[in-house]
Amino acid sequence: MAAENHTYRILVVDDSLLNQQMLQHILQDDYAVKTAGTAMEAVACIQDFRPHLILLDIILPDANGLDILVALKEGAATRNIPVIIISGLDSDKDEEQGFLLGAVDYIRKPFKDAIVKARVNTQIRILKQIETIEQMGLMDALTGIQNRRAFDSQFQYEWGRAVREHGTLSLLMLDVDRFKAYNDTYGHPQGDKLLHGVAQTMRGTLSRSVDLVYRYGGEEFVVLLPGTGLEGAVAVAEKLRVAIKALRVPCGDTPTSVTASIGVASAQPQVGGTPQPLMEAADQMLYRAKENGRDQVQFDAAIKPV
């Protein structure tokens, strides 16, 4: 279980250092565990650590744990994080209130190792089942990569992270050139194979695990490049263009390979801004690439705060 679960992150929020250490000792062999002693520390940890599960004490020095639970359930980014209340209070009323406010479980102190493990494992098991169901809706069955719905969600997340970290975010929009002609000549089954080949080539060409490719629709793909400036994004785009051309798939009745046109845009996201201008800029560059003869990368040389 340790190897399988260690990618799941658990945040323990308790004002007692001893309790933090106990829970970390109980869970650290199976999960990545981080601790916080105050509500303020917990908020910072949630943003940076992105826990899959939170163990939350009712009594904290700077807030009531139940009030924190309410805030978590009201926040768009945190409402789906399961919360287990931990408390030394022998109060059925507090336990009932915790469940009414959205807690998934309640563990009383002093902690019993087996009970803590069993209840945490149960929540992680449920989380895995939910993730499996959600993942089925985020994958493009034809190409085997993630779809537009997945992109929309990750785009918003990466935008927010770039704002917090004062970083740069780059976006590539890629279109397979003359795909309609290929479909008309060779038929849809061959067209499907081509799209699958392009998608897998793109995924295999990206070297960083944080760089992700998505099928945006039809023969169009998008690539998110977090923490990458314009120069780096253009280099990645050119690498993708060359890799796709190297597939040497015949196009229509011509001996040339199937090629791709790519638009590149970069931005330095700002508080209060939205990701839409970045999307529009990449789309405009893609249009320019196709208008200028296809099989090329076009980019806007100005990185704008948006």
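With my numbering, letter number 238 in the sequence shown gets 238, and the count goes up by one each step, no holes. Backbone N, C-alpha and C define an ideal beta-carbon position, used for all residues, glycine too. Predicted model, so just to flag it, every value in this text is computed and none were measured.
{"Check": "With DSSP as the reference, label SER16 as helix, strand or coil.", "Outcome": "coil"}
{"Check": "Within 10 angstroms of its Cβ, does PHE221 collect 16 or more other Cβ (buried), or is it exposed?", "Outcome": "buried"}
{"Check": "Which residues in the same chain have their Cβ closer than 8 Å to the Cβ of ALA197, if we skip the five residues on either side of it in sequence?", "Outcome": "The sequence shown places Gly at residue 197, rather than the Ala named in the question. Cβ neighbours of GLY197 beyond the five flanking positions: LEU247, VAL249."}
{"Check": "Which residue's Cα is closest to the Cα of HIS52: LEU100, ASN80, GLY65?", "Outcome": "ASN80"}
{"Check": "Around the C-beta of ARG34, are 16 or more other C-beta atoms found within 10 angstroms, so that it is buried, or is it exposed?", "Outcome": "It is worth fixing the name first, because residue 34 is Lys in this sequence and not Arg. Buried: at least 16 other Cβ atoms inside 10 Å."}
{"Check": "Any chance you could list the beta strand (DSSP E) runs of at least 3 consecutive residues sitting entirely within the stretch 153-208, in chain order?", "Outcome": "169-176"}
{"Check": "Between PRO255 and the rest of its own chain, which residues show a CB-CB distance below 7 Å, the 5 nearest in sequence each way excluded?", "Outcome": "At PRO255 the pLDDT is 48, less than 50, meaning the model places this residue with poor confidence and gives no usable figure here."}
{"Check": "What is the DSSP secondary structure of LEU224, counted as helix, strand or coil?", "Outcome": "strand"}
{"Check": "Can you check which of these residues, ASP67, LYS128, GLY102, ILE107, is closest to TYR8 by C-alpha distance?", "Outcome": "LYS128"}
{"Check": "Can GLY98 and ILE85 be called in contact, C-beta distance under 8 Å?", "Outcome": "yes"}
{"Check": "Measure from the alpha carbon of LEU109 to the alpha carbon of each residue in ALA235, LEU171, LEU89, then state which is nearest.", "Outcome": "A quick correction: the sequence has Lys, not Leu, at residue 109. The shortest C-alpha separation from LYS109 is found at LEU89."}
{"Check": "Decide yes or no for the touch test of the stretch 111-122 against the stretch 222-239: beta carbon pairs closer than 8 Å, at least 3 of them.", "Outcome": "no"}
{"Check": "With a floor of 3 residues, list each beta strand (DSSP E) that falls wholly inside the stretch 9-62, ordered by position along the chain.", "Outcome": "9-13, 32-36, 53-57"}
{"Check": "From MET285 to LYS93, what does the alpha carbon distance come to, in whole angstroms?", "Outcome": "60 Å"}
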